[in-house]
Amino acid sequence: MLLCGIINELEKLMSKTDILSYFFCQATDLRINYATAVLRGLLYLLVNQQSSLISHIQKKHAHAGKPLFEDVNAWIALSEIFISILQDPSLRSTFLIVDALDECLIDRSKLLDFIVQKSFISPRVKWVISSRNWPKIKERLERAGHKMRLCLELNPKSVFAAISTYVKYKTR
1 MLLCGIINEL EKLMSKTDIL SYFFCQATDL RINYATAVLR GLLYLLVNQQ SSLISHIQKK
61 HAHAGKPLFE DVNAWIALSE IFISILQDPS LRSTFLIVDA LDECLIDRSK LLDFIVQKSF
121 ISPRVKWVIS SRNWPKIKER LERAGHKMRL CLELNPKSVF AAISTYVKYK TR
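If you use our numbering, the sequence shown closes out at 172, no skipped numbers anywhere.
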């Protein structure tokens, strides 16, 4: 819920040309608890907001068709498309948000490595990642460049107060 508030605030602050792409992982939902689904979801919102980026997807699709995005090679195809989009000079200022990374049960380490390695590609792209404070996730994210870490678990009373205030404000 806190990240939903952050997304709402970002939407208010962003210029009309900025891109906001987000994905909410959920361990109990098989459709959204794996790394390939995260990339697929982020790509969908990216292309939906900047249609010129679809050419990156069309190149791969023309070569191999729809099965390439659904079979065992989907991660490779989608990550290559994602990288080419991140390197595209026409890509507008972009915020990529992944909520509940700890709930990405399948290939989480692959997704973490991707985020860390690709966080350096473009200064126009900012990543926002939320997760429980698990040591393996924390260790991997430490390798990312230009990061700011906010640990909400260290001060639960402040987090509860902030969420309560936000909920009261939104439900007036």
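Beta carbons: idealized from backbone N, C-alpha and C, even for Gly.
By the Cβ-count criterion, F82 is buried, with 16 or more other Cβ atoms from all chains shown falling within 10 Å of its own Cβ.
Following the DSSP letters along the chain, one finds T36 in no beta strand (DSSP E) but inside the alpha helix (DSSP H) bounded by residues A35 to Q49. Residue state for I19 is assigned as strand, using DSSP reduced to three classes.
Between S130 and D18, the C-beta spacing is not below 7 Å. Where V98 is concerned, the enclosing beta strand (DSSP E) starts and stops at T94 to D99. Less than 7 Å separates the beta-carbon of L42 from that of F23. The bridge partners DSSP lists for K126 are F95. Beyond the five residues adjoining it in sequence on each side, K118 comes within less than 7 Å, by CB distance, of I83 and L86 in the same chain, given in chain order.
Counting every other CB atom within 10 Å of its CB across the protein chains shown gives H56 a total of 16 or more, marking it as buried. A check of alpha carbon separations from S122 across D29, I97, D88 and S79 identifies D88 as the nearest.
Ranked by how close their Cα comes to the Cα of S79, the residues Y44, L105 and S51 have Y44 in first place. For P135, the enclosing alpha helix (DSSP H) stretches over residues P135 to L141. As DSSP reads the structure, F24 sits in a beta bridge with D99. Within the model, the alpha-carbon separation for Q50 versus N133 is close to 33 Å.
Burial is judged here by how many other beta carbons sit within 10 angstroms of a residue's own beta carbon; T36 has at least 16 and is buried.
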